[in-house]
Amino acid sequence: MAAVATNTILICAGGACISAGEESVKDAFKDELKKFALDTVVSVVETGCMGACNLGPLAVVYPEGVFYQKLTPDAARKIVREHILKGRVVEEYLYKGPEGEIKPQAQEELPFFTKQVKIATRNLGVIDPTDIDEYIGRDGYFALVKAVKEMTPEQVIEEIKASGLRGRGGAGFPTGLKWELGRKSKGDTKYIVCNADEGDPGAFMDRAILEGDPHTVIEGMVIGAYAIGASQGYIYVRAEYPLAIERLNIAIEKAREYGFLGKNILGSDFCFDIELRIGAGAFVCGEETALMASIEGERGQPRVKPPYPVQSGLWGKPTVINNVETFANIPPIILKGAKWFASIGTETSKGTKVFALAGKIRNTGLVEVPMGITLRELIFEIGGGIPGNKKFKAVQTGGPSGGCIPAEYLDTPVDYESLKELGTIMGSGGMVVMDEDDCMVDVAKFFLEFTVDESCGKCTPCREGTRVMLDILEKITNGEGTKEDLEKLKQLGEFISNSSLCGLGQTAPNPVLSTMRYFWDEYLAHVEEKRCPAKKCKALIRFVIDHDKCVGCTACAKVCPVNAITGEVRKPHTINDDECIRCGSCIEVCRFNAISKVSP
Amino acid sequence: MSVDVKETVKRIYEEVKAKSLEDGDMLINALHAIQDHFNNFIPPEAAEELSELMNLPPSKIYEVLTFYTMFSTKPRGKYVIRVCQSTPCHVTGGREVIEALKETLGIDFGETTEDGLFTLEYSSCLGLCGVAPVMMINDMAYGNLTPERVKAIIEELKGGEKR
């Protein structure tokens, strides 16, 4: 059975698929293969994140590359019996389009994958992240060999500078320039740090890279260390990512064993090693000076810059800090050259960017696309648009430091500069899509709650200012806001932006300011008409039963937790507004669409 | 202070120290290791012992440990449930999931059930937004949550305890 022997089943073991039940699916695959004595010829490989998280658990069966989705243990058994044994594709687990039509079977042909250009995530979903040989098999550590054997540190820096790579963690500082400053800084000890404290809500590309291809981060760091002359590196990873920590530990140990870390790397004089540092739940530690304080075993509070970390970083020594995705881009640039990399993207933003699509979007997950792609392509072509025939309202980029972009700017090319012009930022690449049901005032309030919670408390504008902004927003969503409040909100926002100590505070008002810029009418409706157009703010809505539609089935009365619905069987029911807590249970249970929200 | 705690903390401290390259950077790692050992919280006597070992005032230990949300000075349940409260989870039904959790467990955030099994906490983004809403129970993540699924997961854990 030669044809059978060539089958390989790649199963996605990214965080999302695991939480959707990947392990039992994998066990079922292995178990069923064993039953047919195929376990020695068909290998089941657990890979990193394949990207299409909402379709998980996922598997791709090679050599055909058939993409199976939403798997269960039973599905796995069926695929073994049908596909592996008989060569028949199991249609019921193929990806289906919005109309239920079966799309192409092969992974490469699915609309979600066709527009992607994978550089930083090139190995995700392809290799077993715990196996260093598979990474080497995909040209892993070749770039390190090239850098150490054939290039001087200065040449490495020149190459990265020429590529135009900019920091993928948010601010977009040119990586080559940072390395050059690090190289030129005087000091007998230098450090290189990988910022893996990904904290922006809705951004999970760093998690996926750490879990799915930890060696690319390590290789990028070793090359960086060689370039700047660092002898010690730290990866600061958040404790919320236990799987990433586990796989990084395995990868570091293997890299040491293979001589890519440690003394005299690849037989040269260059010595470098990496240690993991684990966060403990503080968002502000993603800010580089706070991160360094945390590595040093202190409270993770930021300090004033300058001096910048490249001048005085960890323990006062020159320190270069880059983010996970930035490091993941380094090996391909060294291997394929700066020219190749710079040919992708826009004038000022080179290469690709990984985006995490989340919220009200059909295909949630991770995508890597060339810089300059439009938001429309990203959200509607790759992301598949908004589910449930709802209307697109806004996309939030840059997490709590970013802002919301409304529909009229959907054709904006995505790069650092254009997003900034729209009052938001690239940030780490999280995109949360919102539809007509989302209230922008509520969204702004939600982000501010986050910043108030995560403010470290060191500087007053951030600690007190964001609190006052939140109080005003609460007043507005409770229907008690005035027009003066809106003015105050704006002033306060600008003041906090200008006077906070670190990036967290400086950008904290962005979600409020940008929603005020694009959704002013919605704010006005809340304060002037005491109305919530999206019908989200509880204090501004009422639930009513349409007596023409209600058949008196009593379902709503039974489900109401506060007994606010009264009426006789087979007669229209009524909601007592004073008792109603606006939980929405009645709407969910009504089969006749008789209940609706009204505002005011 | 019990001799037992003292010795355990000393052993943990030595283990962490052996793995560290710099002396200054081990406080947070040591706190993680202590918390893992003492059922998800840092008992006062352990913090005190650590301050002796590291030659730091207890105020320094507490300054650091109270800054980070994942460290607890209060005893926590066997299962620490951390619910993601980020935007992607919020807009996909996280609010209802949170209500269901509170109702099923009969506790509010920051509290522990009477039987000492569950502690309910908020978490910042867990990075599993593709399968939002999400929660983590100890190191295990659960995605695509609905109020019904949350109830089922809790019941299953409770059932496992009885068996």
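Chains as they are written, first to last, in our numbering: chain A, 1 to 600; chain B, 601 to 763.
From the three backbone atoms N, C-alpha and C, an ideal C-beta is built for every residue, glycine too.
Small disclaimer: the values here were computed from a predicted structure and weren't measured.
Next on the checklist: Give me the residue from A/P387, A/G345, A/L10, A/G372 with the minimum Cα distance to A/T364.
Outcome noted: As a position in the first sequence, residue 364 of chain A is number 364, starting the count at 1. Considering only alpha carbons, the answer is A/P387.
Checklist entry - the region 178-194 of chain A: which residues have C-beta closer than 8 Å to a C-beta of chain B, in chain order? => result none
Checklist entry - In whole angstroms, what separates the C-alpha of A/V217 from that of B/T712? => result Within the first sequence, numbered from 1, the residue matching residue 217 of chain A stands at position 217. Within the second sequence, numbered from 1, the residue matching residue 712 of chain B stands at position 112. Cα to Cα, the separation comes out at about 39 Å.
Checklist entry - At least one CB of chain B closer than 7 Å to the CB of A/N249: is that the case? => result In the first sequence, counting from the first residue as 1, residue 249 of chain A sits at position 249. For A/N249, the answer is no, since every Cβ of chain B falls outside 7 Å of its Cβ.
Next on the checklist: In whole angstroms, give me the CA-to-CA distance for A/G202 and A/E568.
Outcome noted: The count along the first sequence starts at 1 and reaches residue 202 of chain A at position 202. The count along the first sequence starts at 1 and reaches residue 568 of chain A at position 568. About 47 Å.
Checklist entry - What residue from A/R467, A/L181, A/N478 has the CA that sits closest to A/G493's CA? => result The residue given as residue 493 of chain A occupies position 493 in the first sequence. Cα-wise, what sits closest to A/G493 is A/R467.
Item to check | Span separating the alpha-carbon of A/T326 from that of A/C560 | outcome: Taking the first residue of the first sequence as position 1, residue 326 of chain A is located at position 326. Taking the first residue of the first sequence as position 1, residue 560 of chain A is located at position 560. Going from the Cα of A/T326 to the Cα of A/C560 covers about 51 Å.
Item to check | The alpha helix (DSSP H) enclosing B/N629, as first and last residue numbers | outcome: Locating residue 629 of chain B in the second sequence gives position 29, where the first residue counts as 1. Per DSSP, B/N629 belongs to the alpha helix (DSSP H) from 627-637.
Item to check | Which of helix, strand or coil DSSP assigns to A/C17 | outcome: Along the first sequence, one-based indexing puts residue 17 of chain A at 17. Of the three classes helix, strand and coil, the one that applies to A/C17 here is helix, per DSSP.
Item to check | Beta-carbon separation (whole angstroms), A/G167 vs A/F173, contact threshold 8 Å | outcome: If you number the first sequence from 1, residue 167 of chain A lands on position 167. If you number the first sequence from 1, residue 173 of chain A lands on position 173. Yes, A/G167 and A/F173 are in contact; Cβ-Cβ is about 5 Å, under 8 Å.
Checklist entry - Helix, strand or coil for A/P509 per DSSP? => result For this step, residue 509 of chain A is matched to residue 509 along the first sequence. Looking at A/P509 - three-state DSSP - the assignment turns out to be coil, as it is neither helix nor strand.
Checklist entry - Would you say B/I628 reaches chain A, if we count a Cβ-Cβ gap shorter than 7 Å as a contact? => result Your numbering for residue 628 of chain B matches position 28 in the second sequence. Yes, its Cβ sits closer than 7 Å to a Cβ of chain A.
Checklist entry - If you drop the 5 nearest sequence neighbours on each side, which residues of the same chain put their C-beta closer than 8 Å to that of B/S703? => result The residue given as residue 703 of chain B occupies position 103 in the second sequence. In the sequence as displayed, the identity of residue 703 of chain B is Glu instead of Ser. Taken in chain order, the list of residues that qualify is empty.
Item to check | Contact list for A/V90 against chain B, beta-carbon separation under 9 Å | outcome: Along the first sequence, read from residue 1 onward, the residue named residue 90 of chain A stands at position 90. Neighbours of A/V90 on chain B: none; closest Cβ ~22 Å, over 9 Å.
Item to check | Whole-Å CB distance - A/E287 paired with A/P302, under 8 Å assumed | outcome: Against the first sequence, residue 287 of chain A aligns to sequence position 287. Against the first sequence, residue 302 of chain A aligns to sequence position 302. The Cβ separation is near 5 Å, so the contact holds.
Next on the checklist: Which same chain residues end up closer than 7 Å to A/F142 when comparing Cβ atoms and leaving out the 5 residues on each side of it in sequence?
Outcome noted: Residue numbering aside, residue 142 of chain A sits at position 142 when the first sequence is read from its first letter. Contacts found: L335.
Item to check | Distance between A/P111 and A/I102 (C-alpha atoms, nearest Å) | outcome: Taking the first sequence and counting its residues from 1, the one referred to as residue 102 of chain A is at position 102. Taking the first sequence and counting its residues from 1, the one referred to as residue 111 of chain A is at position 111. Answer to the nearest angstrom: the Cα atoms are 12 Å apart.
Checklist entry - Roughly how many angstroms lie between the CA atoms of A/A52 and A/I252, to the nearest whole one? => result The sequence position of residue 52 of chain A within the first sequence is 52, counting from 1. The sequence position of residue 252 of chain A within the first sequence is 252, counting from 1. C-alpha separation (whole angstroms): 28 Å.
Next on the checklist: With distance defined between alpha-carbon atoms, name the residue in A/I344, A/L58, A/M221, A/G281 nearest to A/V117.
Outcome noted: Taking the first sequence and counting its residues from 1, one reaches residue 117 of chain A at position 117. Nearest of A/I344, A/L58, A/M221, A/G281 to A/V117, Cα basis: A/I344.
Next on the checklist: For A/L524, tell me which candidate among A/E480, A/N195, A/N563, A/A293 has the shortest Cα-Cα distance.
Outcome noted: Here residue 524 of chain A refers to the residue found at position 524 of the first sequence. Checking every option, the nearest Cα to that of A/L524 belongs to A/E480.
Checklist entry - Where DSSP assigns a beta bridge to A/A28, which residues make up the other side? => result To locate residue 28 of chain A, count along the first sequence from 1; it is residue 28. In DSSP, A/A28 forms no bridge with anything.
Checklist entry - Going along the chain, which residues of its own chain have a beta-carbon closer than 6 Å to the beta-carbon of A/G384, five neighbours each way excluded? => result Residue mapping note: residue 384 of chain A aligns to position 384 of the first sequence, counting from 1. Counting only Cβ-Cβ distances below 6 Å, and skipping sequence neighbours, we find R362, N363.
Next on the checklist: Is there a C-beta anywhere in chain A that falls below 7 Å from the one on B/H690?
Outcome noted: Position 90 of the second sequence, counted from the start, is the residue given in the question as residue 690 of chain B. For B/H690, the answer is yes, since a Cβ of chain A falls inside 7 Å of its Cβ.
Next on the checklist: Buried or exposed for A/I119, going by 16 or more other Cβ atoms inside 10 Å?
Outcome noted: Working through the first sequence from its first residue, we reach residue 119 of chain A at position 119. Looking at its Cβ environment, which holds 16 or more other Cβ atoms inside 10 Å, A/I119 is buried.
Checklist entry - Whose CA, out of A/T40, A/E487, A/G259, A/A227, lies closest to the CA of A/E150? => result Here residue 150 of chain A refers to the residue found at position 150 of the first sequence. Comparing Cα positions, the closest option is A/A227.
Item to check | According to DSSP, residues forming a beta bridge with A/C194 | outcome: Working through the first sequence from its first residue, we reach residue 194 of chain A at position 194. A/C194 pairs with A/I235, A/N322.
Checklist entry - Quick one: which chain A residues come within Cβ less than 7 Å of B/L621? => result For the purposes of this step, residue 621 of chain B is identified with residue 21 of the second sequence, where counting begins at 1. By Cβ distance, chain A contributes Q232, E275.
Checklist entry - Can you tell me whether DSSP reads A/M1 as helix, strand or coil? => result Translated into the one-based positions of the first sequence, residue 1 of chain A becomes position 1. Note that A/M1 has pLDDT 41, beneath the 50 cutoff, so the model's placement of it is unreliable and the number below is only indicative. The answer is coil: DSSP assigns A/M1 none of H, G, I, E or B.
Next on the checklist: Under 8 Å: do the region 23-33 of chain A and the region 74-81 of chain A share three or more Cβ pairs, one atom per stretch?
Outcome noted: yes
Checklist entry - Roughly how many angstroms lie between the CA atoms of A/E22 and A/I11, to the nearest whole one? => result Mapped onto the first sequence, residue 22 of chain A falls at position 22. Mapped onto the first sequence, residue 11 of chain A falls at position 11. A/E22 and A/I11: Cα-Cα distance of roughly 8 Å.
Item to check | Interface partners of B/N744 on chain A, CB under 7 Å | outcome: The residue labelled residue 744 of chain B in the question sits at position 144 within the second sequence. Simply A20.
Checklist entry - Does the Cβ-Cβ distance between A/P129 and A/D213 come in under 7 Å? => result Stepping through the first sequence from its first residue, residue 129 of chain A is reached at position 129. Stepping through the first sequence from its first residue, residue 213 of chain A is reached at position 213. In contact: A/P129 and A/D213 (Cβ atoms closer than 7 Å).
Checklist entry - Are there 16 or more other CB atoms within 10 angstroms of the CB of A/L356, so buried, or fewer, so exposed? => result Working through the first sequence from its first residue, we reach residue 356 of chain A at position 356. The sequence shown places Ala at residue 356 of chain A, not Leu. The residue in question, A/A356, is buried, as its Cβ has 16 or more Cβ neighbours within 10 Å.
Checklist entry - Around the C-beta of A/V562, are 16 or more other C-beta atoms found within 10 angstroms, so that it is buried, or is it exposed? => result In the first sequence, the residue the question calls residue 562 of chain A occupies position 562. So A/V562 counts as exposed.
Checklist entry - What residues from chain A crowd round B/D739, counting only those whose CB sits closer than 7 Å? => result Here residue 739 of chain B is taken as the residue at index 139 of the second sequence, counted from 1. Correct list: P242.
Next on the checklist: For the alpha helix (DSSP H) containing A/Y135, name the first residue and the last one.
Outcome noted: The count along the first sequence starts at 1 and reaches residue 135 of chain A at position 135. Start and end: 132-137.
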